[in-house]
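J.:
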Amino acid sequence: MPIYKAPVDEMLFLLQDVFRFDRYNNLRGFADVSAEALEAILRQIARLAEEVLQPLNRIGDLEGCRREPDGRVATPKGFKEAYRQYAGGGWVGLSAPVEFGGQGLPETLTMIVNEFVVSANMAFGMYSGLSQGAIAMLIAHGTPVQKATYLPRLIAGEWTATMNLTEPHCGTDLGLLRTKAVPQPDGSYQITGTKIFISAGEHDLTENIVHLVLARIEGAPSGTKGLSLFLVPKLLPQSDGTPGAHNNAVCGSIEHKMGIHGNATCVMNYEGASGRLVGEANRGLQAMFTMMNVARLYVGVQGLAQSELAYQNAALYAKDRLQGRAISGIKFPGRAADPIIVHPDIRRVLMSIKAFNEAARALVIWTALKEDVRHRSPDEKEHQAADDHLGLLTPVIKGVLTDQGFANTVAAQQVFGGHGYIAETGIEQIVRDARVAMIYEGANGIQALDLVGRKLGKDGGRAAIAFLKEVQSYLNERADSDTLNPYLRPLGQTLAHLQQASMWFMQNAVGKADNAGAGANDYMHMFGLVAMGYMWCRMVEAAQAKLARGENTEHCRAKLVTGRFFMERILPETAAQLARIEAGADSVMELPAEAF
Ligand SMILES: Cc1cc2nc3c(=O)[nH]c(=O)nc-3n(C[C@H](O)[C@H](O)[C@H](O)COP(=O)(O)OP(=O)(O)OC[C@H]3O[C@@H](n4cnc5c(N)ncnc54)[C@H](O)[C@@H]3O)c2cc1C
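The working numbering applies: residue -3 is where the sequence shown begins, and numbers increase by one.
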């Protein structure tokens, strides 16, 4: 059965040595977290993830969720008790505003909690995971009454939230959406329509569920400009906020799916359900984007978290499984064979995943800190720079971490040979669970188009220019460092590829949009590699400084080797990506549809 050990020490290294958490003490909530408190918080959630949530992961997969004839849904055995512990521990509202019952701690801590929880049990994590986006959305767009009614309950984890966009005929293209909203004399709306694939649409973990539903008010324009966002609770709150009568929002069925069986993916039927408008009419997509952007980062973390889980189990197996002898000579003469960790090909796989995970985690933490700056800095310039960073990096984190995260779970499965294909070892569940993260919250092809088509040129390219400038300045400032040079040089080459690719789009995609569409996926991955290469340089620099002080040598030495591996064996991929981008769209688009 799979094991999981939350990477607490790795997180502490990132927070304290690489990003210097204490530098952010001017921001609300940071000064409350001393070094001791930080470690205590991480160890506490690590224990919950390892001891409570992870043992339920297999049970959830085998048992799945069960829908009763009346539409109620039962979650797998143990989920309810675990949820009680999780919500009771205050983890849902860890970073939420104190005025609504949250703890007001940095968002960065929530991002760390998310990784641990998702590694331990991805299906479980999604029940409250969606509440994070709903909380952010309500803070930004809710009325005072909506905030007072919903925020304290969502933050306490007493209620959970869902996001309802997808309909049978409409997924990516939300302009086709048909769910209807009819205004009522009391200011509410009657919502009618069918939503599919709704994560955590119905369950028995909380007394109430708050559905955030995109719908079109009668007579509103067609397309996305006619969409509005509605709060549609499962149980209608009474005047004191406590849940009252049942709304006409019912789970029609649960989807049978490839993975995350422990999470109920529901068809939701709204038949004249009572809803309240959130934000302005016809600007529902803008409000929903507040929720979606939080969810996209969460999904990116899912990719990393499953990659980490797969890595830990593959590494353990590789040290245990005896097959063949090392090609450089027998390493364990006392045993019938050497463990497969001696084989370079197995190490190639493990090192690739390890090098990716550590950089991806740094990228997530760096971005989470920007999220804190965005929400908590009083400085307008800092706030804008952080907002730019998040806009630019969100599609990269979502797309790259989930594409490569899934690929890593498959690579880890290979380490198990045939034992990885049968259910007993549990690695195949990780592969199945990880797959969906590439699909939902905007399929990854759409993330790549978002990056190239929207984010790159936004505000005259301000965000992209700032990112490229930051990496270039980092390289320039350290150009004389002999110890860092082996890491800086490959990053410099890769940065040049990214600059060349950006230029190529400017010159070749403006008049020929297919060139952007055909190269977008490679560009997104190239962007991810440059960002992770930059993260590696910063981690190596921090590790070298610690080594110079004689601290923590084993962990730091491993950092230098893993960073070198990333530079030598993963970063060179940007050359191939550049070649594909510059090949343009011709061979992609030439064949007529009938030829396929
Ligand atoms: C387990 C699970 C849970 C989910 N949870 C939720 C949820 O909680 N709430 C919710 O609302 N939805 C949810 N979804 C739905 C999910 O977000 C959609 O499946 C996803 O957005 C893609 O939509 P689609 O399936 O209709 O695919 P389509 O939109 O039909 O896309 C099919 C393919 O075409 C590509 N494509 C489409 N349009 C374009 C274009 N213009 N340019 C280039 N490529 C394009 C896509 O990238 C994709 O690869 C969930 C899905 C699953 C499987």
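Glycine is no exception: its CB is placed at the ideal position from the N, C-alpha and C atoms.
Does the Cβ of Y436 lie closer than 7 Å to at least one heavy atom of ligand 1?
T.: Correct: Y436 has its Cβ closer than 7 Å to ligand 1.
J.: Since K176 sits in a beta bridge, which residues does DSSP pair it with?
T.: Its beta-bridge partners are T188, R212.
J.: Within the region 415 to 451, note down every full alpha helix (DSSP H) run reaching 4 residues or more, in order along the chain.
T.: If we require 4 residues or more, the alpha helix (DSSP H) runs fully inside the region 415 to 451 come out as 423 to 431, 440 to 445.
J.: I'd like to know whether the C-beta atoms of S127 and A45 end up nearer to each other than 8 Å.
T.: Contact flag unset, no.
J.: Less than 8 Å between the C-beta atoms of E354 and E59, yes or no?
T.: Cβ distance not < 8 Å, so E354 and E59 don't count as in contact.
J.: My output table needs one value for E64: the three-state DSSP class, helix, strand or coil.
T.: Here E64 sits in coil by DSSP.
J.: When we look at the beta-carbon of V448 and count the other beta-carbons within 10 Å, is it buried (16 or more) or exposed?
T.: Label assigned to V448: buried.
J.: Return the residue from the list K176, E569, D334, A460 that minimises the CA-CA distance to G320.
T.: Cα-wise, what sits closest to G320 is D334.
J.: Would a C-beta distance cut-off of 8 Å place T398 and V295 closer than the cut-off?
T.: Against a cut-off of 8 Å, the Cβ pair of V295 and T398 comes out as a contact.
J.: So does the region 205 to 214 actually touch the region 81 to 91, counting three or more Cβ pairs closer than 8 Å?
T.: No contact exists between the region 205 to 214 and the region 81 to 91.
J.: Straight-line CA distance for D368 to G330?
T.: Between D368 and G330, the C-alpha separation is close to 54 Å.
J.: Can you give the Cα-Cα distance for L300 and L487, rounded to whole angstroms?
T.: Looking at the two C-alpha atoms, the distance is approximately 22 Å.
J.: Using only the alpha-carbon positions, how far apart do D383 and Y417 sit?
T.: For D383 and Y417, the distance between alpha carbons rounds to 43 Å.
J.: Can you find at least 3 beta carbon pairs, one from the region 300 to 317 and one from the region 283 to 290, that sit closer than 8 Å?
T.: Cβ pair count under 8 Å is below three, so no.
J.: Kindly provide the ranges of any alpha helix (DSSP H) runs that are 4 or more residues long and lie completely inside the region 333 to 387, ordered along the chain.
T.: Within the region 333 to 387, the complete alpha helix (DSSP H) runs of at least 4 residues are 340 to 372.
J.: Just verifying my parser: in three-state terms, what is the DSSP assignment at G401?
T.: Helix at G401.
J.: How long is the line joining the alpha carbons of G325 and S477, rounded to whole angstroms?
T.: Between G325 and S477, the C-alpha separation is close to 38 Å.
J.: Among all the DSSP beta bridges, which residues are the ones paired with W155?
T.: N204, per the DSSP bridge assignment.
J.: Helix, strand or coil for G453, going by three-state DSSP, please let me know.
T.: Three-state DSSP puts G453 in coil, outside helix and strand.
J.: Can you tell me whether A42 is helix, strand or coil according to DSSP?
T.: Helix, per DSSP.
J.: With hydrogens ignored, establish whether the beta-carbon of K253 is closer than 7 Å to any heavy atom of ligand 1.
T.: Yes; taking the cut-off as 7 Å, the Cβ of K253 has a heavy atom of ligand 1 nearer than that.
J.: Pick out whichever of G167, C166, G189, G171 has its Cα sitting closest to the Cα of A177.
T.: With distances taken between Cα atoms, A177 lies closest to G189.
J.: Compute the Euclidean distance between the alpha carbons of M499 and V506, then round it to the nearest angstrom.
T.: Looking at the two C-alpha atoms, the distance is approximately 11 Å.
J.: Could you please give the first and the last residue of the uninterrupted beta strand (DSSP E) stretch that includes E267?
T.: E267 -> beta strand (DSSP E) spans 261 to 274.
J.: For the beta strand (DSSP E) holding S324, just list the boundary residues, first then last.
T.: Taken as a continuous stretch (DSSP letters only), S324 belongs to no beta strand (DSSP E), as it is neither H nor E.
J.: In the DSSP assignment, the alpha helix (DSSP H) including L52 goes from what residue to what residue?
T.: 51 to 59 is the span of the alpha helix (DSSP H), which, as asked, contains L52.
J.: To the nearest angstrom, how far is it from the Cα of P217 to the Cα of L365?
T.: Taking the straight line from one Cα to the other gives about 39 Å.
J.: Tell me which same chain residues have a C-beta within less than 7 Å of the C-beta of P233, skipping the five on either side of it?
T.: Cβ neighbours of P233 beyond the five flanking positions: T145, P239, G240.
J.: Are there three or more Cβ pairs, one per stretch, closer than 8 Å when the region 385 to 403 is compared with the region 439 to 447?
T.: Yes, the region 385 to 403 is in contact with the region 439 to 447.
J.: Is any non-hydrogen atom of ligand 1 found closer than 7 Å to the C-beta of I131, if you look at the structure I gave you?
T.: I131: no, Cβ never under 7 Å from ligand 1.
J.: How would you call K451, buried or exposed, if buried means at least 16 neighbouring beta carbons within 10 angstroms?
T.: It counts as buried.
J.: Between which two residues does the beta strand (DSSP E) holding P102 run?
T.: That residue, P102, is in no beta strand (DSSP E); it is neither H nor E in DSSP.
J.: State buried or exposed for M133, treating a residue as buried only when at least 16 other CB atoms are found within 10 Å of its CB.
T.: When all chains shown are included, M133 counts as buried.
J.: Three-state secondary structure (DSSP) at L567?
T.: Note: L567 maps to coil in three-state DSSP.
J.: Could you tell me if F402 is buried or exposed, where buried requires 16 or more neighbouring beta carbons within 10 angstroms of its beta carbon?
T.: With 16 or more other Cβ atoms within 10 Å, it is buried.
J.: Looking at V159: is its Cβ nearer than 8 Å to the Cβ of L208?
T.: One point to set straight first is that residue 159 is Met, not Val, in the sequence displayed. Yes, they are a contact pair.
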